[in-house]
Amino acid sequence: QMHALALAGLRVPESRALPVPLLAWSASGVAYAFPADPGTCAASEALSHAIRRLADVVESFGGGPVIVKPNCGGRGAGVTKLLDSPAAAKALRSVESGGAVPEWLESAWPVDGVFIVQRLIVAAEPAFITRIEIVGGAFGYAQKTDVSDGSTHLCTADACVSKPRFSWRREVTAESPIAKQCLDFAV
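Going letter by letter, the sequence shown gives residues 21 to 207 in the numbering used here.
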């Protein structure tokens, strides 16, 4: 969590645990929400506050569609597209007055309590995304991923996919502008 806050440009005193939910915005149009763990404080004021802060983040994108990503180690599990972000924020706020926790939130709560909320970016080539891996501060590889079926679970292991979904983007190297941007962001 501290690393994500640092990426967002915030300085936070060193701590082993964040006692309250935190929220930060970065210049890249990504917001980080750090809600409390529902397993340890269910129905508590902290959880209610965390959900309220998540609603604030969703609303901060001005009504446009957003993506909510639970931190799950890069797999893409639990990623939710919220095409109607005002309705999603309203549903989140209703939890305080006894409403049900939205199913998409309940089923995708991250183990470390970190959500990333990002405005929906429509790809120029909508059936594919490019994933660039930075390993130890160095360019690792670029991979083209078929997402034509709407999949957000992007595990590259053979056991995770039922059809060929991945190919190398050999034209993307450490010297490519997009790789350089990723490297600059990673350090």
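Built from N, CA and C at the ideal position, the CB exists for glycine as well.
Positions of the alpha helix (DSSP H) runs, each at least 4 residues long and wholly inside the region 100-174, are given as 105-114, 123-126 in order along the chain. For Pro197, the enclosing alpha helix (DSSP H) has its first and last residue at 197-206.
DSSP places Ser187 in the uninterrupted beta strand (DSSP E) bounded by 186-188.
For Ser127, the CB contacts under 8 Å within the same chain, skipping 5 residues up- and downstream, are Gly98 in chain order. Considering only Arg151, Pro130, Arg185, the residue with the shortest C-alpha distance to Cys202 is Arg151. A residue is called buried once 16 or more other Cβ atoms fall within 10 Å of its Cβ, and Ala108 is buried on that count. Around the beta carbon of Ile198, fewer than 16 other beta carbons lie within 10 angstroms, which makes this residue exposed. CA-to-CA, the gap between Arg113 and Asp166 works out to about 35 Å. When beta bridges are read from the DSSP output, Ile87 appears opposite Lys101, Gln138. Using a Cβ distance threshold of 9 Å, Leu74 and Ile87 do not count as a contacting pair.
Closest option to Phe159, judged by alpha-carbon separation, among Arg190, Pro106, Trp124, Thr100: Arg190. If the five residues before and after Tyr161 are omitted, its C-beta is found closer than 6 Å to the C-beta atoms of Glu153, all from its own chain and listed in chain order.
Between the alpha carbons of Ile141 and Ile149 lies a distance of about 11 Å.
Inter-residue distance for Ser168 and Pro184 is about 12 Å (C-alpha atoms, whole angstroms). When C-alpha distances from Ala111 are compared across Gly118, Pro122, Asp104, the shortest belongs to Pro122.
Here Lys200 is exposed. Its C-beta has fewer than 16 other C-beta atoms within 10 Å.
With distances taken between CA atoms, Val115 lies nearest to Ile71 out of Gly83, Phe186, Ile71, Gly82.
Across the structure, Ser68 and Trp129 are spaced so that their CA atoms are roughly 14 Å apart.
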